[in-house]
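Asker:
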Amino acid sequence: RAKADGRGAYHFFERAMDEQLQARRALELDLRRALQAGEFELFYQPLYHLGDERVTGCEALLRWRHPERGMVSPADFIPLAEEIGLIVQLGEWVLRRACAEAANWPEHVRLAVNLSPAQFRDRGLVRTVVSALAASGLPAQRLELEITESVLLQDSQANMTMLHDLKALGVRISMDDFGTGYSSLSYLRSFPFDKIKIDQTFVRDILHDSDAMAIIKAVLDLGASMGVVTTAEGVETQAQLDALRQQGCAEIQGYFISRPAPASEIAKMLGVEGRADLGAPSVLSPIG
Ligand code: C2E
Ligand code: MG
Ligand code: MG
Ligand code: MG
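Counting in full-length UniProt numbering, the sequence shown runs from 428 upward without gaps.
(1) When you compare each of 518, 613, 560 and 483 to residue 546 by their alpha carbons, which one comes out closest?
(2) Judging by CA-CA distance, which residue of 549, 591 and 669 is the nearest neighbour of residue 600?
(3) Kindly provide the ranges of any alpha helix (DSSP H) runs that are 4 or more residues long and lie completely inside the segment 470–527, ordered along the chain.
(4) When burial is assigned at 16 or more other CB atoms within 10 Å of the CB, is residue 652 buried or exposed?
(5) Span of the alpha helix (DSSP H) holding residue 618?
(6) Hey, which residues come within less than 7 angstroms of ligand 3, measuring from Cβ to any heavy atom, in chain order?
(7) Assess contact between the segment 630–644 and the segment 550–565, defined as three or more Cβ pairs (one per stretch) separated by less than 8 angstroms. Is contact present?
(8) Out of curiosity, what's the CA-to-CA distance linking residue 628 and residue 670?
(9) Mind reading off the beta-carbon distance from residue 574 to residue 542? Whole number of angstroms is fine, and I expect it under 8 angstroms.
(10) With DSSP as the reference, label residue 629 as helix, strand or coil.
(11) What I want to know is whether the C-beta of residue 505 ends up closer than 7 angstroms to one or more non-hydrogen atoms of ligand 1.
(12) When every heavy atom of ligand 5 is checked, does at least one fall within less than 7 angstroms of the C-beta of residue 693?
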C-alpha cells in the first residue's frame, strides 16, 4: 500500500511543482507587462513629527493596480521582482516618480523611498539617484533612502561604497525594520545611518509587553546618544502614540496618523493642490 501511495504522491508532487512553476512564470510575465502598461502606482504614508506636530515626511509605497486582481500589495510581487531582477527597472521608476511628486510638496516635507538589496547589485544605482534628483529638482537633502540590514549583509564592501556615495550626495540613509534582523546593533556601527525605524512588531506590543517597551526605550536612548533620528513604525492607536511621546520618540508613522494614500490625496493633505479643498475631511483626521 505504502509503495503504491508513494508513487501516487510522487506524481502529485511533480504536478504541484509544475503548477507552481507555471504560476510563477505567469506572474513574471504579468509583472513585465504591468510595467509597460503603467499599472504601478505609488501611495504615500505620512511621517509625523511629535514635537513639531506636523507631517515632516512621506514614505513612497508601491502598489500594483491590476486590471483583474485589483490592488496588489508589494509583499505579493516584490520578492519575485527581486528574484528576476525586474526590481532594478521598477525601483528606478519608483525613484523618478516619487522624486517628481515630492518636488511639489512643501520644503519641510521629506520623501522616503525603499531600496531593495537587489538594487545594489545594479552598479548604476547612484547614477539613477542623481538623475532622479536632477530631473525632478528635488534637493538631495529631502530624500531619505530606506534600506534593511540585508543590504549590508550581501556583498557588503561594494554596497558600503555605494551607501557612502549616496550619503555624499546629501541623501539621508535610514535603517528600516530595525530589530527584526540577526545583528541589527552591529550594523549600526558599520554605517552612519541618519535614521532608525523601529519595526512595527515592537510598537504593536508596546502597551502589553514590558519587553517590547524596554527594547523601544533602549533604541530611543541609543538613537539619542548616537545623534540618529528614531521613528516608530506601525502606530495604530492614541495610547501607543502617547506611550511613544512619553519615551521621547520624535517621529511616528502608522495607520493612526494616516494609511498610505494616493499622491493626489497626500498633496491635498499637504495643502499643495486645490487650496479650496483644505476644508475637506483630512486623511489626518484621527489626530486630535
Ligand atoms: P516598509 O518599508 O517597512 O513599509 C511599512 C509597511 O507597513 C507598509 O506596508 C505600510 O502600509 C505598513 N503600515 C504602515 N502603518 C501601519 C500600521 O499602523 N499598521 C500596520 N499593520 N501596517 C502598517 P506595504 O505598503 O504593504 O509595504 C510592505 C513592504 O514592501 C515595505 O515595508 C517595503 O519593505 C516593501 N516596499 C514597498 N514599496 C516598495 C518599493 O517601492 N521598493 C521596494 N524595494 N520595496 C518596497
Ligand atoms: Mg520602509
Ligand atoms: Mg519598515
Ligand atoms: Mg518592512
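For each residue, glycine too, the CB sits at the ideal point set by N, CA and C.
Answerer: Let's see:
(1) Along the sequence shown, one-based indexing puts residue 546 at 119. If we check each option's Cα against that of residue 546, 518 comes out closest.
(2) As a first step, residue 600 is located in the sequence shown; it is residue number 173 there, counting from the start. Among 549, 591 and 669, the Cα nearest to that of residue 600 belongs to 591.
(3) You should have 505–510.
(4) Locating residue 652 in the sequence shown gives position 225, where the first residue counts as 1. With fewer than 16 other CB atoms across the displayed protein chains lying within 10 angstroms of its CB, residue 652 is exposed.
(5) Position 191 of the sequence shown, counted from the first residue, corresponds to residue 618. Premise fails: residue 618 is in no alpha helix (DSSP H) and is neither H nor E.
(6) Every residue whose beta carbon comes nearer than 7 angstroms to a heavy atom of ligand 3 appears here in chain order: 603, 604, 624, 626, 627 and 660.
(7) Result no; under three Cβ-Cβ pairs closer than 8 angstroms.
(8) The residue labelled residue 628 in the question sits at position 201 within the sequence shown. The residue labelled residue 670 in the question sits at position 243 within the sequence shown. Whole-angstrom Cα-Cα distance: 15 angstroms.
(9) Position 147 of the sequence shown, counted from the start, is the residue given in the question as residue 574. Position 115 of the sequence shown, counted from the start, is the residue given in the question as residue 542. Going by Cβ atoms, the distance from residue 574 to residue 542 rounds to 5 angstroms, so yes, they are a contact pair.
(10) For the purposes of this step, residue 629 is taken as the residue at position 202 of the sequence shown. Helix at residue 629.
(11) As a working note, residue 505 is residue 78 in the sequence shown. It does: the Cβ of residue 505 is within 7 angstroms (strictly closer) of some heavy atom of ligand 1.
(12) As far as ligands go, the structure on display features ligand 1, ligand 2, ligand 3 and ligand 4 and does not contain ligand 5.
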